[in-house]
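S.K.: Take a look at the following structure, please.
2 protein chains.
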Amino acid sequence: MPPASPSSGDQVQSVTRALDLLQALNRQKIASIKQLHDTTGLPKPTIVRLLKTLIAKGYVANDPRQGGYSVTSLVRALSCGFHGDPLVVEAGRAWAIDLTRRFKWPAAIAVLDENAMTVRFSTIPESPISPFHGTVGLRLSLVSRSLGRAYLAFCPQAERNILLQMLSASKDREDAAARRPAALLRALQAIRSQGFAERDPGVEPKSSSTLGVPVMDGDRVVATLGLTYFTSAMKRAQAVDLYVPHLRSAADNISRSISRLGS
Amino acid sequence: MPPASPSSGDQVQSVTRALDLLQALNRQKIASIKQLHDTTGLPKPTIVRLLKTLIAKGYVANDPRQGGYSVTSLVRALSCGFHGDPLVVEAGRAWAIDLTRRFKWPAAIAVLDENAMTVRFSTIPESPISPFHGTVGLRLSLVSRSLGRAYLAFCPQAERNILLQMLSASKDREDAAARRPAALLRALQAIRSQGFAERDPGVEPKSSSTLGVPVMDGDRVVATLGLTYFTSAMKRAQAVDLYVPHLRSAADNISRSISRLGS
DNA sequence: CTGCCTGTTTCGCATTGTGAAACGCAGGCA
DNA sequence: TGCCTGCGTTTCACAATGCGAAACAGGCAG
Numbered sequence: 323m324p325p326a327s328p329s330s331g332d333q334v335q336s337v338t339r340a341l342d343l344l345q346a347l348n349r350q351k352i353a354s355i356k357q358l359h360d361t362t363g364l365p366k367p368t369i370v371r372l373l374k375t376l377i378a379k380g381y382v383a384n385d386p387r388q389g390g391y392s393v394t395s396l397v398r399a400l401s402c403g404f405h406g407d408p409l410v411v412e413a414g415r416a417w418a419i420d421l422t423r424r425f426k427w428p429a430a431i432a433v434l435d436e437n438a439m440t441v442r443f444s445t446i447p448e449s450p451i452s453p454f455h456g457t458v459g460l461r462l463s464l465v466s467r468s469l470g471r472a473y474l475a476f477c478p479q480a481e482r483n484i485l486l487q488m489l490s491a492s493k494d495r496e497d498a499a500a501r502r503p504a505a506l507l508r509a510l511q512a513i514r515s516q517g518f519a520e521r522d523p524g525v526e527p528k529s530s531s532t533l534g535v536p537v538m539d540g541d542r543v544v545a546t547l548g549l550t551y552f553t554s555a556m557k558r559a560q561a562v563d564l565y566v567p568h569l570r571s572a573a574d575n576i577s578r579s580i581s582r583l584g585s
Numbered sequence: 323m324p325p326a327s328p329s330s331g332d333q334v335q336s337v338t339r340a341l342d343l344l345q346a347l348n349r350q351k352i353a354s355i356k357q358l359h360d361t362t363g364l365p366k367p368t369i370v371r372l373l374k375t376l377i378a379k380g381y382v383a384n385d386p387r388q389g390g391y392s393v394t395s396l397v398r399a400l401s402c403g404f405h406g407d408p409l410v411v412e413a414g415r416a417w418a419i420d421l422t423r424r425f426k427w428p429a430a431i432a433v434l435d436e437n438a439m440t441v442r443f444s445t446i447p448e449s450p451i452s453p454f455h456g457t458v459g460l461r462l463s464l465v466s467r468s469l470g471r472a473y474l475a476f477c478p479q480a481e482r483n484i485l486l487q488m489l490s491a492s493k494d495r496e497d498a499a500a501r502r503p504a505a506l507l508r509a510l511q512a513i514r515s516q517g518f519a520e521r522d523p524g525v526e527p528k529s530s531s532t533l534g535v536p537v538m539d540g541d542r543v544v545a546t547l548g549l550t551y552f553t554s555a556m557k558r559a560q561a562v563d564l565y566v567p568h569l570r571s572a573a574d575n576i577s578r579s580i581s582r583l584g585s
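Heads up: the protein sequence lines correspond to chains F and P, in order.
Taking the working numbering, the leading residue of the first sequence gets 323, the next gets one more, and so forth.
Taking the working numbering, the leading residue of the second sequence gets 323, the next gets one more, and so forth.
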């Protein structure tokens with residue numbers, strides 16, 4: 323009787339394992355029992371039992387023509403109870419517009435969607451052609467883009483671990499940095515201490531740069547807010563000094579307007 | 323020592339319960355322990371233990387300012403391993419175009435997303451103004467629209483139950499029919515036996531109508547394919563006789579092109 | 001202060017989940 | 001053809017694991 327693993331207060335073992343299985347299934351899009359056994363380390367009979375449960379609930383299917391098991395679309399349905407989202411976007415819209423009015427740069431608000439940040443609203447100043455990929459719906463890498471890194475830096479550790487694990491299996495070139503966790507974690511630590519994110523130095527083009535800050539609901543990141551500026555128009559240090567405080571206060575305002583106990 | 327509930331082969335109790343909890347949390351966007359106790363019937367200490375586990379894994383948060391617990395955005399990440407989706411849409415695109423070429427009516431392919439069918443591709447014949455809400459991204463009610471009903475009718479029962487449970491909590495007027503399960507289930511049974519779906523008779527406007535068929539991957543629905551016609555241009559019976567066979571064969575072709583063990 | 005209601009902790013019990021081992025089956029190889 | 005290897009499945013005896021009644025704690029209202 324080991325005194326339980328160091329940090330396992332009183333959780334339910336089988337549930338933890340079932341969730342691990344789901345995660346594993348999610349990374350490998352389709353997996354056999356053997357593969358699951360190898361990646362999770364769980365004994366095969368246990369895996370079978372857990373899978374049976376997940377299948378009975380409809381979250382996993384014994385995918386066609388005996389290829390193996392995989393996550394079903396029903397798992398998607400599980401996320402529709404996550405709210406805050408509409409509220410955040412609504413409030414974010416107003417403050418993004420405000421930032422753009424004041425500084426004449428594009429601003430955007432993005433939320434986590436599956437394994438990337440999705441832009442839910444973005445502004446483009448009347449000015450020239452936009453350096454900002456301003457399309458709503460655009461998916462930004464969690465590891466390389468400012469809006470993604472701000473999220474990763476400020477989300478709870480358990481979540482970060484899971485996301486990184488998923489991303490390291492991704493083929494997306496932009497997410498490749500997730501495979502060098504040490505460097506990435508150091509970068510995230512820096513972001514955390516300075517309070518805002520910039521894109522991964524490796525990403526092109528460098529003619530523009532985005533500053534990203536987290537939008538918190540209580541102690542939880544629910545979105546990230548960003549402001550993009552031309553690097554030719556302004557030096558980095560100057561931009562940071564000038565814009566970051568305003569970004570922070572905008573993010574705070576958004577937080578305030580979505581807090582449930584208003585007043 | 324009850325001989326276990328009638329149909330529980332060998333599943334893991336705690337996992338089942340944990341998933342029930344997630345579902346409950348998903349319906350009520352935010353819930354206290356008491357509420358969860360009332361809706362799920364689980365004893366409070368059990369709920370606490372399960373919640374602790376879910377929280378440790380990051381799927382649930384003790385939402386801010388002590389309002390209660392709720393599902394986090396991380397649950398969204400869990401669905402990104404569900405594939406088939408890109409393949410289906412790709413293949414669906416080709417066959418939707420084909421249908422439109424032949425019959426000069428709009429066609430569409432949709433997949434489940436959270437609690438509605440989302441149109442992933444749709445065609446609009448050059449002809450007049452389209453009766454079809456052809457926007458990609460449009461979300462169609464699972465209970466009232468043809469593309470939704472086709473999905474509900476052919477998905478596994480466990481999944482149907484969960485979806486209906488979620489929908490009956492929805493405020494969307496179109497989903498209200500989910501609150502009369504008896505009538506709805508009868509309608510779904512009919513859809514199942516005839517092999518295609520039509521919209522809920524109550525939905526306006528009636529100037530056009532869509533025929534929807536399921537796209538299967540093995541024994542699992544992965545999408546639905548629809549063809550919309552003007553009711554003024556063609557009688558229902560005639561349209562059914564003429565179009566349904568072609569819809570079916572298009573759906574079969576899509577199925578074939580996504581089956582993993584090609585030849 | 002008192003009563004009520006909700007969340008948390010405790011703790012002995014047996015139900016529940018566990019996993020080594022044995023089995024069955026299919027496909028590969030000689 | 002028969003042997004073998006590798007994967008999925010089933011079995012079963014054991015005890016660890018999860019269970020939940022009951023007791024406890026804290027907040028809020030009257």
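Think of the CB as a built atom: it goes at the ideal place given N, C-alpha and C, for glycine as much as any other residue.
Since the model is a prediction, treat every value here as computed from it, not as a measurement.
Quick test of your reading: F/W427 and F/Y551, contact by CB under 8 Å. State the CB separation rounded to the nearest angstrom.
M.R.: 5 Å
S.K.: In the DSSP output, which residue or residues are listed as bridge partners for P/I431?
M.R.: P/F443, P/L547
S.K.: Does any residue of chain F bring its CB to less than 8 Å from the CB of P/D332?
M.R.: yes
S.K.: Going by the DSSP bridge assignment, what does P/G534 pair with across the sheet?
M.R.: P/A519, P/G548
S.K.: Beta-carbon within less than 8 Å of P/T440's beta-carbon, same chain only, minus the 5 sequence neighbours each way: which residues are those?
M.R.: A432, V433, L434, G459, L460, R461, L462
S.K.: Going along chain F in order, which residues have a C-beta closer than 7 Å to the C-beta of P/A573?
M.R.: Here the premise fails: no neighbours, minimum Cβ distance about 15 Å.
S.K.: Do you know whose CA, among F/S577, F/D574, F/G534, F/A505, lies nearest F/A430's CA?
M.R.: F/G534
S.K.: Can you tell me where the alpha helix (DSSP H) holding F/R349 begins and where it ends?
M.R.: Annotation for F/R349: the continuous alpha helix (DSSP H) segment containing it runs 335 to 349.
S.K.: Considering only residues of the region 376 to 426 of chain F, which uninterrupted alpha helix (DSSP H) runs meet the minimum length of 4 residues and lie entirely inside it, listed in chain order?
M.R.: The alpha helix (DSSP H) runs of length 4 or more contained entirely in the region 376 to 426 of chain F are, from start to end of the chain, 396 to 399, 407 to 425.
S.K.: Hey, would you say F/S380 sits closer than 8 Å to P/E481, going by beta carbons?
M.R.: Reading off the sequence, residue 380 of chain F comes out as Gly, not Ser. Cβ atoms of F/G380 and P/E481: closer than 8 Å.
S.K.: Output the distance between the C-alpha atoms of F/Q479 and P/A413, rounded to the nearest integer angstrom.
M.R.: 39 Å
S.K.: In angstroms, rounded to a whole number, what distance separates the CA positions of P/N348 and P/Q560?
M.R.: Spanning the two alpha carbons is a distance of roughly 43 Å.
S.K.: I believe F/D589 touches F/I580 by the beta-carbon criterion, under 8 Å. Please report the beta-carbon distance rounded to the nearest angstrom.
M.R.: Because chain F is modelled from 323 through 585, residue 589 of chain F falls outside the range shown and cannot be assessed.
S.K.: Entirely within the region 479 to 518 of chain P and at least 4 residues each: give me those alpha helix (DSSP H) ranges in chain order.
M.R.: If only complete runs of 4 or more residues are kept, the region 479 to 518 of chain P shows the alpha helix (DSSP H) at 479 to 490, 503 to 516, in order along the chain.
S.K.: Going by the DSSP bridge assignment, what does F/D539 pair with across the sheet?
M.R.: According to DSSP, F/D539 bridges with F/R542.
S.K.: Quick one: what does DSSP say F/A353 is sitting in, helix, strand or coil?
M.R.: strand
S.K.: Using CA coordinates, which residue listed in P/I419, P/R467, P/D407 is at the minimum distance from P/E520?
M.R.: The residue with the shortest Cα to Cα distance from P/E520 is P/R467.
S.K.: Assuming P/G403 contacts P/I352 under a Cβ cut-off of 8 Å, what Cβ separation, rounded to an integer in Å, is found between them?
M.R.: Separation of the CB atoms of P/G403 and P/I352 is rounded to 27 Å, and the pair is thereby denied contact status at 8 Å.
S.K.: When DSSP labels each residue in this structure, what does F/S466 get in the three-state scheme?
M.R.: coil
S.K.: Give the DSSP-derived three-state secondary structure of P/I451 in the structure shown.
M.R.: Any reading at P/I451 must be qualified, since the residue scores a pLDDT of 41, below 50, and its modelled position is unreliable; no value is offered.
S.K.: Got a sec, what are the start and stop residues for the alpha helix (DSSP H) F/P365 sits in?
M.R.: Per DSSP, F/P365 belongs to no alpha helix (DSSP H) and is neither H nor E.
S.K.: Would you be able to state if there are at least three C-beta pairs under 8 Å between the region 367 to 378 of chain F and the region 498 to 510 of chain F?
M.R.: These segments do not touch.
S.K.: For the region 533 to 552 of chain P, list every residue whose C-beta sits within 8 Å of some C-beta in chain F, in sequence order.
M.R.: Of all residues in the region 533 to 552 of chain P, only D539, G540, D541, R542, V544 place a beta-carbon less than 8 Å from a beta-carbon of chain F.
S.K.: For F/G380, would you say it is in contact with chain P, using Cβ-to-Cβ distances shorter than 8 Å as the test?
M.R.: yes
S.K.: What does P/P478 reach in chain F if we use C-beta pairs closer than 7 Å?
M.R.: G380
S.K.: Please check if any C-beta of chain P sits within less than 8 Å of the C-beta of F/S530.
M.R.: no
S.K.: Classify P/G524 as buried or exposed, calling it buried when 16 or more other Cβ atoms lie within 10 Å of its own Cβ.
M.R.: exposed
S.K.: Against chain F, with Cβ distances strictly below 8 Å, would P/P503 count as a contact?
M.R.: no
S.K.: Report the three-state DSSP secondary structure of P/A561 (helix, strand or coil).
M.R.: helix
S.K.: Flag P/L396 as yes if its beta-carbon sits less than 8 Å from any beta-carbon of chain F, otherwise no.
M.R.: yes
S.K.: Using the Cα positions of P/L358 and F/R578, report the straight-line distance between them to the nearest angstrom.
M.R.: Distance between P/L358 and F/R578, taken at the CA atoms: about 28 Å.
S.K.: Contact check, P/K366 vs P/I377 under 8 Å by CB: the rounded distance?
M.R.: Their Cβ separation, rounded to whole angstroms, is 16 Å, which puts P/K366 and P/I377 out of contact at 8 Å.
S.K.: Let me check one thing: in DSSP terms, what residues is F/A438 bridge-paired to?
M.R.: The partner list for F/A438 (beta bridge, DSSP) reads F/D435, F/S463.
S.K.: Would you verify that the beta carbon of P/G403 is, or is not, closer than 8 Å to some beta carbon of chain F?
M.R.: Output row for P/G403: interface = yes.
S.K.: Check F/S571 in the structure and name its three-state DSSP category.
M.R.: Of the three classes helix, strand and coil, the one that applies to F/S571 here is helix, per DSSP.
S.K.: Would DSSP call P/S577 helix, strand or coil?
M.R.: Taken through DSSP and simplified to helix, strand or coil, P/S577 comes out as helix.
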